[in-house]
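**Q**
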Amino acid sequence: MSEARSADDATPTNTCPECDGRLRADGSETVCGDCGLVVDEYHIDHGPEWRSFADDDRNPKRTGAPLTRSRHDRGLSTEIGRSTRVKGRKRRRLARMRRQHNRARISTKRERNQVYAFTEIRRLTSALSLPDRIRDHACSLFTSAQNEDLLCGRSLEGFAAACVYAACRVVNVSRTVGEVVAEAKATEAEQTAAYDALNRDLGLPVGPIDPVEYVPRFATRLDLSRDVESRAREYATEAAESGLAVGRNPSGVAAGCLYTAARDFDAGVTQADVADVADVTPVTLRKTYVALRDEE
Amino acid sequence: MNRQDRRAVSRQYFSQERLAEHHFRSFNNFLERGMQEVVSEKATIETDIGDKEGEEPVYVELGDIRVETPRVREADGSEELLFPQEARLRNITYAAPVFMEMSIIRGGEEEEEVVVDTTETKVGRMPIMVGSTKCNIHNLSDEELVEIGEDPVDPGGYFIVNGSERVLMTSEDLAPNKILAEYDTKYGDEIQVAKTFSQRRGYRALVLCERNREGILEVSFPSVSGSVEFVTLVRALGLESDEEIVHRVSDDPEIVKFMLENLEEAEVQTEAEAIETLGKRVAGGQGKNYQLKRANYVIDRYLLPHLHEDGVEEEEVRINKAFYLCRMAEACFELALQRRDSDDKDHYANKRLKVSGDLMKDLFRTALNKLARDVKYQLERANMRNRQLTVNTVVRSDVLTERLEHPIATGNWVGGRSGVSQLVDRTDYMGVLSHLRRLRSPLSRSQPHFEARDLHATQWGRICPSETPEGPNCGLVKNFAQAMELSQNIEDEQALKRELASMGVEGIPGIEGPDPTNTPADD
Chain V
1 MSEARSADDA TPTNTCPECD GRLRADGSET VCGDCGLVVD EYHIDHGPEW
51 RSFADDDRNP KRTGAPLTRS RHDRGLSTEI GRSTRVKGRK RRRLARMRRQ
101 HNRARISTKR ERNQVYAFTE IRRLTSALSL PDRIRDHACS LFTSAQNEDL
151 LCGRSLEGFA AACVYAACRV VNVSRTVGEV VAEAKATEAE QTAAYDALNR
201 DLGLPVGPID PVEYVPRFAT RLDLSRDVES RAREYATEAA ESGLAVGRNP
251 SGVAAGCLYT AARDFDAGVT QADVADVADV TPVTLRKTYV ALRDEE
Chain U
1 MNRQDRRAVS RQYFSQERLA EHHFRSFNNF LERGMQEVVS EKATIETDIG
51 DKEGEEPVYV ELGDIRVETP RVREADGSEE LLFPQEARLR NITYAAPVFM
101 EMSIIRGGEE EEEVVVDTTE TKVGRMPIMV GSTKCNIHNL SDEELVEIGE
151 DPVDPGGYFI VNGSERVLMT SEDLAPNKIL AEYDTKYGDE IQVAKTFSQR
201 RGYRALVLCE RNREGILEVS FPSVSGSVEF VTLVRALGLE SDEEIVHRVS
251 DDPEIVKFML ENLEEAEVQT EAEAIETLGK RVAGGQGKNY QLKRANYVID
301 RYLLPHLHED GVEEEEVRIN KAFYLCRMAE ACFELALQRR DSDDKDHYAN
351 KRLKVSGDLM KDLFRTALNK LARDVKYQLE RANMRNRQLT VNTVVRSDVL
401 TERLEHPIAT GNWVGGRSGV SQLVDRTDYM GVLSHLRRLR SPLSRSQPHF
451 EARDLHATQW GRICPSETPE GPNCGLVKNF AQAMELSQNI EDEQALKREL
501 ASMGVEGIPG IEGPDPTNTP ADD
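Just so you know, the protein sequences line up as chains V and U, in that order. Numbered by the UniProt record's numbering, the letters in the first sequence go through residues 1 to 296 in order. Numbered by the UniProt record's numbering, the letters in the second sequence go through residues 1 to 523 in order.
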């Protein structure tokens, strides 16, 4: 160790600090060729990897799947495989082992709940076509909720739905409560109860929803053109800046902006259509519409 | 034909649409009919709900399936049409949502059957072949293609998964449902074997009929270890009397002599006895009733499954199986008497090609089974937790999607085949064309297989005689000839059979006609 340090003190040269002999790099060590002093050891070997790519010469992967938050065992599960070559008694023994192994995979009630909630979260995120990072985030939110003992007396399905909803809110790709509930196994009451608990006890970093987040989604569902969509975006940012959106239902504001923009381009959508997509009443929509028109 | 005409004809063969036509036809066929066929085969998903006392059983009925055109859903929730170039550049999958009608039905035990919920729900995403009918660039003009960033001369015929272009390699298999007679050796003696790969709905069973050195015929098929005497099996199938068995095999006096030897050795005389003997073989040491049940199940399930058909009675199928076995016996005897040569496995009449649509059908079948298992599990879970059973909340659409995308992305197909999907060779334009028209033999490249690698006379006009790689794959990887015409399986087998019957073919099961028991299966 001390020798290594003395080597560090000296200016990096190709000579030995003791006898000024020639240094020789040998694998992961640097050795003096004359006196045999080990000048440096355990440095990073930059040489070629001593690995054969015999199975697949284009695939340089050497690990399995990455760890994921969205599995109760972080994706590190073991499976007892099947083989057609094993016959008779050994095969039956393997089948028994497989069954016992599957039973032992989930050891506690807590894990069982986790597995159930994670499948529900997976189902929800795939039904809502959300990206994987939101799925993973939702799953880790659920784990946090479990660690904080929030689940007692509230439904698992509700928490699964609330976690998905919350994960979307946090990364600003909001879905309305109605949209999540429509796909979820939970009822709206269960979901809100769970979301309130999450918000209260975990202190989610969520602010008020920016109406802009809703605009592109509603626009594609109404089959509106790009122009209408970008005009609606402008209205929505304007509304947020001028304080018009304060105290109003954000999806109602988004709907109002879309309707106003559609009117500008004569896109031929009714208030009822837009309100329906946004899951608000036409009255809510009209309020924003009137306010926007007043501002102009 | 004069030179002008010849030129016009060959132009047609060299036209752009024809370069990957076999892929398009096969995949379009899969989209239009194949997928629905697979769903209709499955028909229902049974659950274990209702096993408990006082609980009504629940099952799911599968209805029509529908595929849209490829689209992408962004994180902000907006959904747009997806074009191949965007999929390539953004490293996403060129896939279209698949919808299926499903209804959950409860009851049937004590109460009336009630439909609890019925909806058309999204079950997953199907990777779409570039240029197929469900592709967004189908029927676009060259100008429009350039407009959206596509190459107007790109032949298509491949899939895009995670941004990489994947072509499904056509594979050359031995024709199923045909009798192939050949010589084999067993314990140093030469014996004669008639083989059939019987195939129906993705299930493949090899049935062997051997004439051993004593001249006794033995049949072996899956789920029976070893082999069963031919006469026993035929009697179990309902062909009882000596005279009839002999007559069914052949009228040739020498073959009749061979058959009589077999009948003399026979241990059983009646159908019931024969089924009993078979029962001892398939479920030895079990109860008598179970043995009979098992024997009947094995006959109807594992023996020559390709002779089954919807709407044909079990009785008729069985006698037809007996006739088929007699044909196999005849092939063995003829080979033994040197009335015929052994069949040529390399003859192109004995080959069938599996193109992308057939491969996708195999894949879709297992993916649907996986989905069904997941739906069953989810239903049971939801029922256990006293939740309302709805179609939307029990279908996880990522199950099917993953099962469809993963094999295409890695090439590891169902049934343990690997290297089925390959990265499209974009070295140059000719490389792409050659790659799309390549086919592969499933034979191992590490063994010699000299005959299989040789150029066979029947490859004339179908397979290019010179384009094959050097080295271990020589003669196993081939390429289509320019004017190759790949015919497809007929759409409606019933119609074909009716047509054949009207032309005078007798004894087709399930078709009106003269009493089938009086006419041989193929005379």
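Quick reminder that beta carbons are idealized off the backbone N, C-alpha and C, glycines included. Bear in mind the structure is a predicted one, so any value in this text is a computation, not a measurement.
#1: In chain order, what residues of the same chain have a beta carbon less than 8 Å from the beta carbon of R200/U, not counting five sequence neighbours either side?
#2: Can K185/V and E148/V be called in contact, C-beta distance under 7 Å?
#3: Strictly under 7 Å for the Cβ-Cβ distance: is G513/U near chain V by that measure?
#4: State the start and end residues of the unbroken alpha helix (DSSP H) segment that holds V253/V.
#5: Rounded to whole angstroms, what's the CA-CA distance from E112/U to K376/U? Just pull it up for me.
#6: Measuring only between beta-carbons, confirm whether R71/U sits less than 7 Å from chain V.
#7: What number of angstroms, rounded off, separates the C-alpha of Q85/U from the C-alpha of R92/V?
#8: Check the Cβ-Cβ distances between T458/U and every residue of chain V, and say whether any is below 7 Å.
#9: Using beta-carbon positions only, say whether A254/V and Y289/V come within less than 7 Å of one another.
#10: Can you tell me whether DSSP reads Q422/U as helix, strand or coil?
#11: Do V98/U and G124/U count as a contact pair if the criterion is CB distance below 7 Å?
#12: Where E68/U and N136/U are concerned, what is the direct C-alpha to C-alpha distance, given to the nearest angstrom?
#13: So, are the CB atoms of A160/V and Q191/V less than 7 Å apart?
#14: Would the segment 424-441 of chain U count as touching the segment 479-486 of chain U if we require 3 or more Cβ pairs under 8 Å?
#15: Roughly how many angstroms lie between the CA atoms of P176/U and Y203/U, to the nearest whole one?
#16: Buried or exposed: H23/U, going by 16 or more other Cβ atoms within 10 Å of its Cβ?
#17: Grouping DSSP H, G and I as helix and E and B as strand, with all else coil, what is E491/U?
#18: Which residues, in chain order, does the segment 75-88 of chain U contribute to contact with chain B at a C-beta distance below 8 Å?
#19: Counting only the same chain and skipping the five closest in sequence on each side, list residues whose C-beta sits under 8 Å from that of A43/U.
#20: Determine the direct distance from the alpha carbon of K109/V to that of residue 298/V, and round the result to whole angstroms.
#21: Does the segment 23-38 of chain V come into contact with the segment 102-118 of chain V, if we say contact requires no fewer than three beta-carbon pairs (one atom in each stretch) closer than 8 Å?
#22: Report the option in T78/V, L94/V, P250/V whose CA atom is closest to the CA atom of R85/V.
#23: Should V277/V go down as buried or exposed, given a rule of 16 or more other Cβ atoms within 10 Å for buried?
#24: Taking the alpha-carbon positions, what's the P222/U to F333/U distance?
#25: As a quick exercise: from R98/V, Q114/V, E111/V, A167/V, pick the residue whose alpha carbon is nearest that of L131/V.
#26: Whose C-alpha, out of I49/U, N29/U, E32/U, V282/U, is nearest the C-alpha of R385/U?
#27: Taking the alpha carbon of Y302/U as the point to measure from, which residue in A205/U, P152/U, P465/U has its own alpha carbon closest?
#28: Which word fits M1/U, buried or exposed, when buried means at least 16 other C-beta atoms lie within 10 angstroms of its C-beta?
#29: Beta-carbon separation of S126/V and S397/U under 7 Å?
#30: Going by DSSP in three states, Q36/U sits in which element: helix, strand or coil?
#31: How is the alpha helix (DSSP H) around F27/U delimited, first residue to last?
#32: Might you give, ordered along the chain, the residues of its own chain that have their beta carbon closer than 6 Å to the beta carbon of G149/U, omitting 5 neighbours on each side?
#33: Indicate the three-state DSSP secondary structure (helix, strand or coil) for D8/V in the structure shown.
#34: Any beta carbon of chain U sitting closer than 7 Å to that of V253/V?
#35: Does the beta carbon of D398/U sit closer than 7 Å to a beta carbon anywhere in chain V?
#36: Among residues of its own chain, excluding the 5 on either side of H43/V, which ones have a beta-carbon nearer than 7 Å to its beta-carbon?
**A** Let me lay it out:
#1: Walking along the second sequence from the start, residue 200/U turns up at place 200. For R200/U, where only same-chain residues beyond five positions count, the Cβ hits under 8 Å are P305, H306, H308.
#2: Taking the first sequence and counting its residues from 1, the one referred to as residue 185/V is at position 185. Taking the first sequence and counting its residues from 1, the one referred to as residue 148/V is at position 148. The answer is no: Cβ separation not under 7 Å.
#3: Start at 1 with the first residue of the second sequence, and residue 513/U comes out as number 513. Confidence at G513/U is low in this model, with a pLDDT of 49, below 50, so the placement of that residue should be treated as unreliable; the coordinate-derived value is given next. Chain V contact via Cβ: absent.
#4: Along the first sequence, one-based indexing puts residue 253/V at 253. 250-264 is the extent of the alpha helix (DSSP H) around V253/V.
#5: Sequence index remark: in the second sequence, residue 112/U carries index 112 (1-based). Sequence index remark: in the second sequence, residue 376/U carries index 376 (1-based). For the pair E112/U and K376/U, the Cα-to-Cα distance works out to about 21 Å.
#6: Position 71 of the second sequence, counted from the first residue, corresponds to residue 71/U. Not closer than 7 Å to any Cβ of chain V, the Cβ of R71/U fails to qualify, so no.
#7: Counting from one through the second sequence, the residue named residue 85/U turns up at place 85. Counting from one through the first sequence, the residue named residue 92/V turns up at place 92. Whole-angstrom Cα-Cα distance: 51 Å.
#8: Here the question's residue 458/U lines up with position 458 in the second sequence. Not one chain V Cβ lies under 7 Å of T458/U.
#9: Taking the first residue of the first sequence as 1, we reach residue 254/V at position 254. Taking the first residue of the first sequence as 1, we reach residue 289/V at position 289. No, the Cβ-Cβ distance between A254/V and Y289/V is not below 7 Å.
#10: Position 422 of the second sequence holds residue 422/U. Strand, per DSSP.
#11: Working through the second sequence from its first residue, we reach residue 124/U at position 124. Working through the second sequence from its first residue, we reach residue 98/U at position 98. Their beta carbons are under 7 Å apart, which means G124/U touches V98/U by this criterion.
#12: Translated into the one-based positions of the second sequence, residue 68/U becomes position 68. Translated into the one-based positions of the second sequence, residue 136/U becomes position 136. E68/U and N136/U: Cα-Cα distance of roughly 10 Å.
#13: As a working note, residue 160/V is residue 160 in the first sequence. As a working note, residue 191/V is residue 191 in the first sequence. It is not a contact, given that the beta carbons lie outside the stated cut-off.
#14: yes
#15: Taking the second sequence and counting its residues from 1, one reaches residue 176/U at position 176. Taking the second sequence and counting its residues from 1, one reaches residue 203/U at position 203. Each residue's Cα considered, the two are about 11 Å apart.
#16: As a working mapping, residue 23/U is identified with position 23 in the second sequence. Counting Cβ neighbours within 10 Å, H23/U comes out buried, since at least 16 surround it.
#17: One-based indexing of the second sequence puts residue 491/U at position 491. Reduced to three states, the DSSP call for E491/U is coil.
#18: Protein chains in the displayed structure are V and U, and chain B is not among them.
#19: By one-based count along the second sequence, residue 43/U stands at place 43. The residues are E61, L62.
#20: Beyond the ends of chain V as shown, which are 1 and 296, falls residue 298/V; an answer cannot be given.
#21: no
#22: The sequence position of residue 85/V within the first sequence is 85, counting from 1. Among T78/V, L94/V, P250/V, the Cα nearest to that of R85/V belongs to L94/V.
#23: Within the first sequence, numbered from 1, the residue matching residue 277/V stands at position 277. By the 10 Å Cβ count, V277/V comes out buried.
#24: By one-based count along the second sequence, residue 222/U stands at place 222. By one-based count along the second sequence, residue 333/U stands at place 333. Distance between the alpha carbons of P222/U and F333/U: 23 Å.
#25: What you label residue 131/V is simply residue 131 of the first sequence in a count that begins at 1. In the sequence as presented, Leu is not what sits at residue 131/V; that position holds Pro. Checked all of R98/V, Q114/V, E111/V, A167/V; the closest Cα to P131/V is A167/V.
#26: By one-based count along the second sequence, residue 385/U stands at place 385. Per the Cα distances, I49/U.
#27: On the second sequence, residue 302/U is found 302 positions in, with the first residue counted as 1. Here the closest residue by C-alpha is A205/U.
#28: The residue you call residue 1/U lines up with position 1 of the second sequence. Burial call: exposed.
#29: Reading the first sequence from its first residue, position 126 is the one you call residue 126/V. Reading the second sequence from its first residue, position 397 is the one you call residue 397/U. For S126/V and S397/U, yes; Cβs fall inside 7 Å.
#30: Here residue 36/U refers to the residue found at position 36 of the second sequence. Q36/U falls in the helix class under three-state DSSP.
#31: Position 27 of the second sequence, counting from 1, holds the residue named residue 27/U. First-last of the alpha helix (DSSP H) with F27/U: 21-29.
#32: Position 149 of the second sequence, counting from 1, holds the residue named residue 149/U. Closer than 6 Å at Cβ, skipping near neighbours: Q85.
#33: Along the first sequence, one-based indexing puts residue 8/V at 8. Low confidence applies to D8/V: its pLDDT is 44, below 50, so where it sits in the model is not reliable, and the reading given next is rough at best. In the structure shown, D8/V sits in a helix (DSSP, three-state: H, G or I).
#34: Your numbering for residue 253/V matches position 253 in the first sequence. Closer than 7 Å to the CB of V253/V there is not a single CB belonging to chain U.
#35: Start at 1 with the first residue of the second sequence, and residue 398/U comes out as number 398. Yes, its Cβ sits closer than 7 Å to a Cβ of chain V.
#36: As a first step, residue 43/V must be located in the first sequence, where it is residue number 43. S28.
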